Amino acid sequence: MEFSIRSMRQVFKSNTGKRVSEDASKELGEFIDNWANQISEEAVKVASENDRATVRAEDIREVLRSRKDRDVEYSLDI
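Note that our numbering has the sequence shown beginning at 384, numbered continuously upward.
What follows is the structure in structure tokens.
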């Protein structure tokens, strides 16, 4: 999955009110894409360990909790 430069610019603008360069938008998109891929891979493993072929929201939450100390700050409404 690729995050468009336009989408990343909107994220910057809505959160900061500042303009952002195309390079910065691209960099953020690549980071988010990479991070999402890592989370997805770990969630598939969690589902598999629980003898399921389907990844559930609870699998994603488990992965995010286990990575909390390693990753960028985020919040979970659990």
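Even glycine gets a Cβ: it sits at the ideal position worked out from N, Cα and C.
Here the structure is a predicted model, which is why all the values come from computation and not from measurement.
Next item on the list: Using beta-carbon positions only, say whether A430 and R439 come within less than 8 Å of one another.
Entry: The count along the sequence shown starts at 1 and reaches residue 430 at position 47. The count along the sequence shown starts at 1 and reaches residue 439 at position 56. Cβ atoms of A430 and R439: closer than 8 Å.
Which of the three DSSP states is assigned to T437 in this structure?
Residue 437 sits at position 54 when you count from the first residue of the sequence shown. Reduced to three states, the DSSP call for T437 is coil.
| query | Thinking C-beta only, is K409 closer than 8 Å to I422? | reply | Mapped onto the sequence shown, residue 422 falls at position 39. Mapped onto the sequence shown, residue 409 falls at position 26. Not a contact, by the Cβ cut-off of 8 Å.
Short Cβ contact (8 Å threshold) for F386 with D434 = Along the sequence shown, one-based indexing puts residue 386 at 3. Along the sequence shown, one-based indexing puts residue 434 at 51. Going by C-beta atoms, F386 is not nearer than 8 Å to D434.
Is I461 helix, strand or coil by DSSP?
Reading the sequence shown from its first residue, position 78 is the one you call residue 461. Any reading at I461 must be qualified, since the residue scores a pLDDT of 46, below 50, and its modelled position is unreliable; the value itself is stated next. DSSP places I461 in coil when its eight states are reduced to three.
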